[in-house]
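In the working numbering, the protein residues as written are 168 to 650. Let me begin by presenting the structure, written as structure tokens, before commenting on it.
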Amino acid sequence: MVARARITVLLLLLLAGSMLAVSACQSSEAEGVDISPPHEYQFERRNERRSPVILIPGTLGSRLYNKENGEIAWGNFSATISDLHDDLDLPIDQPRLSLDQDNLRAYRVLDRAEILLKEGSGEVSFYAELIDHLSQTLGYRPAYGERFHRGHDLFVFFYDWRRSNVEAAMQLQEFIQNIRRDMREPDQKFTFLAVSNGGMIARYYLRYGGRDVVSGHAVGEPLKPNWAGLKDCERLICMGTPQCGTIDALHLIHDGYAPNVLARRYPPSTIFSFPAAFELMPEPGEPVFVGEGGETLDVDLWDPETWKKYGLSVFAESERDRLKAKIVESIRPGEDRDQLYEQAVSDQEEYLRLVLNHARRFREAIAGEPGVRTEVILGVNTPTLARVGLVQDGDKWELYFQPRFPWGHFDPMADALYASGDGVVTRRSGLGLAVPQSPTELLQRGEAFRKGLASWSFTPFIHREMFDDEMLRLTLAETLSEP
168 MVARARITVL
178 LLLLLAGSML
188 AVSACQSSEA
198 EGVDISPPHE
208 YQFERRNERR
218 SPVILIPGTL
228 GSRLYNKENG
238 EIAWGNFSAT
248 ISDLHDDLDL
258 PIDQPRLSLD
268 QDNLRAYRVL
278 DRAEILLKEG
288 SGEVSFYAEL
298 IDHLSQTLGY
308 RPAYGERFHR
318 GHDLFVFFYD
328 WRRSNVEAAM
338 QLQEFIQNIR
348 RDMREPDQKF
358 TFLAVSNGGM
368 IARYYLRYGG
378 RDVVSGHAVG
388 EPLKPNWAGL
398 KDCERLICMG
408 TPQCGTIDAL
418 HLIHDGYAPN
428 VLARRYPPST
438 IFSFPAAFEL
448 MPEPGEPVFV
458 GEGGETLDVD
468 LWDPETWKKY
478 GLSVFAESER
488 DRLKAKIVES
498 IRPGEDRDQL
508 YEQAVSDQEE
518 YLRLVLNHAR
528 RFREAIAGEP
538 GVRTEVILGV
548 NTPTLARVGL
558 VQDGDKWELY
568 FQPRFPWGHF
578 DPMADALYAS
588 GDGVVTRRSG
598 LGLAVPQSPT
608 ELLQRGEAFR
618 KGLASWSFTP
628 FIHREMFDDE
638 MLRLTLAETL
648 SEP
């Protein structure tokens with residue numbers, strides 16, 4: 168028995184060894200095989216069974232320049248470290264947001280950009296990663312600018328991402344008209360490939376085309392979509408789109424923004440002047456504020472009085488001091504400093520009322536199913552802010568966009584702040600779902616939106632680094648290859 172057992176063990180060892188040897192041989196033989204995306208999708212690329220694509224970038228995704236002096240205001244590192252003749256701030260003193268004009272204009276997608284690194288300047292790819300992937304993997308032929316030629320089938324849209332998405336939708340209509348004119352294809356339909364905020368523009372465009380149903384209209388006024396965009400779009404693909412908004416928008420409006428650690432920080436007053444930032448805030452009616460015990464607070468983000476009471480953004484004491492200092496620096500002989508300050512505060516308060524109403528009306532306008540086959544690709548497994556902490560400290564209030572204590576220390580407030588997402592957009596928002604603590608009507612509307620989706624895919628990408636993610640690129644290639 169012992170001898171037989173030893174023979175059996177020996178045979179098993181020999182068998183295992185031979186299997187490992189065969190496996191190793193197979194592995195070494197397969198090492199030189201090309202399974203890269205360009206090779207894997209060569210059949211789809213050769214057959215060219217695809218509709219042309221319009222790429223709609225997200226916030227920060229278009230270069231801005233000064234039409235008066237040619238300065239680049241957004242799109243290279245010098246724009247983020249030096250003082251410009253015309254900074255990113257929009258005027259906020261007009262009775263309609265569309266009248267708040269400056270000298271900056273969008274002129275191209277932010278494909279690559281020079282940025283300041285510790286070792287000096289360097290070039291970083293942004294939308295070039297995505298465009299190159301689509302070109303090399305599926306054979307798309309990209310077209311930039313405002314003139315197009317036969318053979319192009321990836322049309323890269325650009326717009327001023329500071330301004331209202333309604334204005335971007337109006338520009339998208341003109342963009343499509345130009346494509347059809349140059350391509351001599353008056354009935355051509357497109358796949359809209361929308362990144363982040365681009366999905367909000369697409370949803371508005373599908374319902375109204377280039378028509379403005381927001382400016383000058385009251386919140387709650389009946390909306391009558393004419394679905395003008397359906398004649399232009401046969402399919403919508405959203406990547407990291409905050410269908411229900413994002414706390415990140417509120418965070419930037421409140422704290423400002425720095426492109427990287429070595430760049431200058433754009434103060435809250437700059438982001439406050441961007442109507443598009445307000446259009447990306449969490450869904451009206453969502454209970455986004457929580458107390459130090461993690462409890463839901465009855466505080467309405469969309470009420471102007473909330474901003475003044477709790478010191479949000481430009482209404483914080485530090486920002487009031489910044490405004491006073493700015494007035495002192497620029498005051499001219501004969502001007503009254505106190506009067507200038509009071510006028511500036513009055514302009515901010517009136518603008519806040521106007522921009523909140525405008526953004527709320529915009530969100531009403533895009534509520535509901537998109538109307539075309541819609542697929543979403545979302546990042547998950549990264550802690551993402553779904554709510555914000557609001558804690559009283561004496562006679563002041565503090566907003567918390569991060570835990571108060573180091574990780575490992577139990578904090579019921581921090582536990583209530585986060586959800587799974589891509590670091591900017593939560594999984595729920597990407598599916599059109601508000602936070603679970605929301606009113607029933609809001610939850611039901613979100614469920615209806617999700618049920619209307621043709622498909623959704625999850626990958627572990629980080630929002631601001633999404634084009635670096637191999638799984639995202641493969642998922643997108645597969646999605647675009649579907650008949």
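Ideal placement from N, C-alpha and C gives every residue a C-beta, glycine not left out.
**Study point:** Limits of the unbroken beta strand (DSSP E) element including residue 474
**Key:** Here residue 474 corresponds to residue number 307 of the sequence shown, with the count starting at 1. Premise fails: residue 474 lies in the alpha helix (DSSP H), 471-477, not in any beta strand (DSSP E).
Review point. Just the Cα atoms here: how many angstroms apart are residue 604 and residue 535?
Key: Taking the first residue of the sequence shown as position 1, residue 604 is located at position 437. Taking the first residue of the sequence shown as position 1, residue 535 is located at position 368. In a straight line, the C-alpha of residue 604 is about 20 Å away from that of residue 535.
Check your understanding: With C-beta atoms as the reference, is residue 263 less than 8 Å away from residue 383?
Key -> Position 96 of the sequence shown, counted from the start, is the residue given in the question as residue 263. Position 216 of the sequence shown, counted from the start, is the residue given in the question as residue 383. Result yes, Cβ atoms of residue 263 and residue 383 sit closer than 8 Å.
Exercise for review: Answer with yes or no whether the minimum CB distance from residue 277 to chain D is below 8 Å.
Suggested key: Looking for chain D here will not work: only one protein chain is present.
Check your understanding: Straight-line CA distance for residue 465 to residue 220?
Key -> Taking the sequence shown and counting its residues from 1, one reaches residue 465 at position 298. Taking the sequence shown and counting its residues from 1, one reaches residue 220 at position 53. The alpha-carbon atoms of residue 465 and residue 220 are separated by roughly 44 Å.
Practice item. Round the Cβ separation of residue 526 and residue 580 to the nearest angstrom and send it over; I've been treating them as touching at under 8 Å. Key: Working through the sequence shown from its first residue, we reach residue 526 at position 359. Working through the sequence shown from its first residue, we reach residue 580 at position 413. With a Cβ gap of about 27 Å, residue 526 and residue 580 do not count as contacting.
Check your understanding: For residue 629, which of helix, strand or coil comes out of DSSP?
Key -> Residue 629 sits at position 462 when you count from the first residue of the sequence shown. Residue 629 falls in the coil class under three-state DSSP.
Practice item. Please classify residue 673: is it buried, with 16 or more other beta-carbons within 10 angstroms of its beta-carbon, or exposed? Key: In the structure displayed, the chain extends from 168 to 650; residue 673 sits before or after that span and is not available.
Exercise for review: For the alpha helix (DSSP H) holding residue 407, just list the boundary residues, first then last.
Suggested key: Taking the first residue of the sequence shown as position 1, residue 407 is located at position 240. It is not in any alpha helix (DSSP H) - residue 407 carries neither H nor E in the DSSP assignment.
Review point. What three-state label does DSSP hand residue 345 in the structure shown?
Key: Translated into positions along the sequence shown, residue 345 becomes position 178. Here residue 345 sits in helix by DSSP.
Practice item. To the nearest angstrom, report how far apart residue 501 and residue 238 are at their CA atoms. Key: Looking up residue 501 in the sequence shown gives position 334. Looking up residue 238 in the sequence shown gives position 71. C-alpha separation (whole angstroms): 33 Å.
Check your understanding: Per the contact definition of three or more C-beta pairs closer than 8 Å, is the segment 488-497 in contact with the segment 439-447?
Key -> By the Cβ test, the segment 439-447 is not in contact with the segment 488-497, since fewer than three Cβ pairs between them sit closer than 8 Å.
Check your understanding: Skipping 5 residues on each side, what residues in its chain have a beta carbon closer than 6 Å to that of residue 405?
Key -> As a working note, residue 405 is residue 238 in the sequence shown. Counting only Cβ-Cβ distances below 6 Å, and skipping sequence neighbours, we find 361, 366 and 543.
Exercise for review: Within the segment 315-394, note down every full alpha helix (DSSP H) run reaching 4 residues or more, in order along the chain.
Suggested key: Entirely contained in the segment 315-394, the alpha helix (DSSP H) runs reaching 4 residues are, in chain order, 332-350 and 365-375.
Review point. Would you say residue 400 and residue 539 are within 8 Å of each other, going by their C-beta atoms?
Key: Stepping through the sequence shown from its first residue, residue 400 is reached at position 233. Stepping through the sequence shown from its first residue, residue 539 is reached at position 372. For residue 400 and residue 539, yes; Cβs fall inside 8 Å.
Practice item. Would you check if the segment 560-569 and the segment 586-605 touch, i.e. whether three or more CB-CB distances between them fall below 8 Å? Key: no
Point to revise | Best match in 235, 293, 591 and 313 for proximity to residue 688 [C-alpha to C-alpha] | key: With the chain running from 168 to 650 in the structure shown, residue 688 is simply not present.
Review point. How about the segment 220-235 and the segment 292-308: do they share at least three Cβ pairs that are nearer than 8 Å?
Key: yes
Exercise for review: Note the first and the last residue of the continuous alpha helix (DSSP H) segment covering residue 582.
Suggested key: Locating residue 582 in the sequence shown gives position 415, where the first residue counts as 1. Per DSSP, residue 582 belongs to the alpha helix (DSSP H) from 579-584.
Point to revise | Helix, strand or coil at residue 550 according to DSSP, with G and I counted as helix | key: Locating residue 550 in the sequence shown gives position 383, where the first residue counts as 1. In this structure, residue 550 counts as strand in the three-state DSSP scheme.
Practice item. Could you tell me the distance, in whole angstroms, from the CA atom of residue 630 to the CA atom of residue 546? Key: Locating residue 630 in the sequence shown gives position 463, counting from the first residue. Locating residue 546 in the sequence shown gives position 379, counting from the first residue. The straight-line gap from Cα to Cα measures roughly 7 Å.
Check your understanding: Beta carbon of residue 230, beta carbon of residue 275: below 8 Å?
Key -> The count along the sequence shown starts at 1 and reaches residue 230 at position 63. The count along the sequence shown starts at 1 and reaches residue 275 at position 108. Taking 8 Å as the Cβ cut-off, residue 230 and residue 275 qualify as a contacting pair.
Practice item. For residue 469, I'd like the list of residues in its chain whose CB is within less than 7 Å of its CB, leaving aside the five on either flank, ordered along the chain. Key: Numbered from 1 along the sequence shown, position 302 holds the residue referred to as residue 469. These residues qualify, in order along the chain: 451, 523 and 527.
Review point. How about residue 409 and residue 420: do their beta carbons lie closer than 8 Å?
Key: Numbered from its first residue, the sequence shown carries residue 409 at position 242. Numbered from its first residue, the sequence shown carries residue 420 at position 253. For residue 409 and residue 420, no; Cβs fall outside 8 Å.
**Study point:** Segments of 4+ residues assigned as alpha helix (DSSP H) that fall wholly inside the segment 259-311
**Key:** 294-305
**Study point:** Integer Cβ distance of residue 329 from residue 255, believed to fall under 8 Å
**Key:** Here residue 329 is taken as the residue at index 162 of the sequence shown, counted from 1. Here residue 255 is taken as the residue at index 88 of the sequence shown, counted from 1. Going by Cβ atoms, the distance from residue 329 to residue 255 rounds to 7 Å, so yes, they are a contact pair.
Point to revise | Where residue 561 falls: helix, strand or coil (DSSP) | key: Looking up residue 561 in the sequence shown gives position 394. Three-state DSSP puts residue 561 in coil, outside helix and strand.
Review point. Measuring CA to CA, which of 457, 228 and 559 is closest to residue 426?
Key: Within the sequence shown, numbered from 1, the residue matching residue 426 stands at position 259. Out of 457, 228 and 559, 228 has the C-alpha closest to the C-alpha of residue 426.
Check your understanding: With 16 as the cutoff for other CB atoms within 10 Å, does residue 485 come out buried or exposed?
Key -> The residue given as residue 485 occupies position 318 in the sequence shown. The residue in question, residue 485, is exposed, as its Cβ has fewer than 16 Cβ neighbours within 10 Å.
Practice item. Go ahead and pull the three-state DSSP assignment for residue 455. Key: Taking the sequence shown and counting its residues from 1, one reaches residue 455 at position 288. Looking at residue 455 - three-state DSSP - the assignment turns out to be coil, as it is neither helix nor strand.
Review point. What are the start and end residues of the alpha helix (DSSP H) that includes residue 522?
Key: Within the sequence shown, residue 522 is the residue found at index 355, counting from 1. Where residue 522 is concerned, the enclosing alpha helix (DSSP H) stretches over 504-533.
Exercise for review: Could you tell me whether the Cβ atoms of residue 414 and residue 553 are closer together than 8 Å?
Suggested key: On the sequence shown, residue 414 is found 247 positions in, with the first residue counted as 1. On the sequence shown, residue 553 is found 386 positions in, with the first residue counted as 1. Yes, the Cβ-Cβ distance between residue 414 and residue 553 is below 8 Å.
Practice item. Give the secondary structure of residue 450 by DSSP, where H, G and I count as helix, E and B as strand, and everything else as coil. Key: For this step, residue 450 is matched to residue 283 along the sequence shown. Coil at residue 450, not helix or strand.
Point to revise | residue 294 versus residue 573 - alpha carbon distance | key: For this step, residue 294 is matched to residue 127 along the sequence shown. For this step, residue 573 is matched to residue 406 along the sequence shown. Taking the straight line joining both Cα atoms gives about 35 Å.
Practice item. Going by CA-CA distance only, name the one from 368, 261, 483 and 340 that's closest to residue 532. Key: Counting from one through the sequence shown, the residue named residue 532 turns up at place 365. Ranking 368, 261, 483 and 340 by Cα distance to residue 532 puts 368 first.
Review point. Could you give the distance in angstroms between the alpha-carbon of residue 505 and the alpha-carbon of residue 518?
Key: As a working note, residue 505 is residue 338 in the sequence shown. As a working note, residue 518 is residue 351 in the sequence shown. Between residue 505 and residue 518, the C-alpha separation is close to 20 Å.
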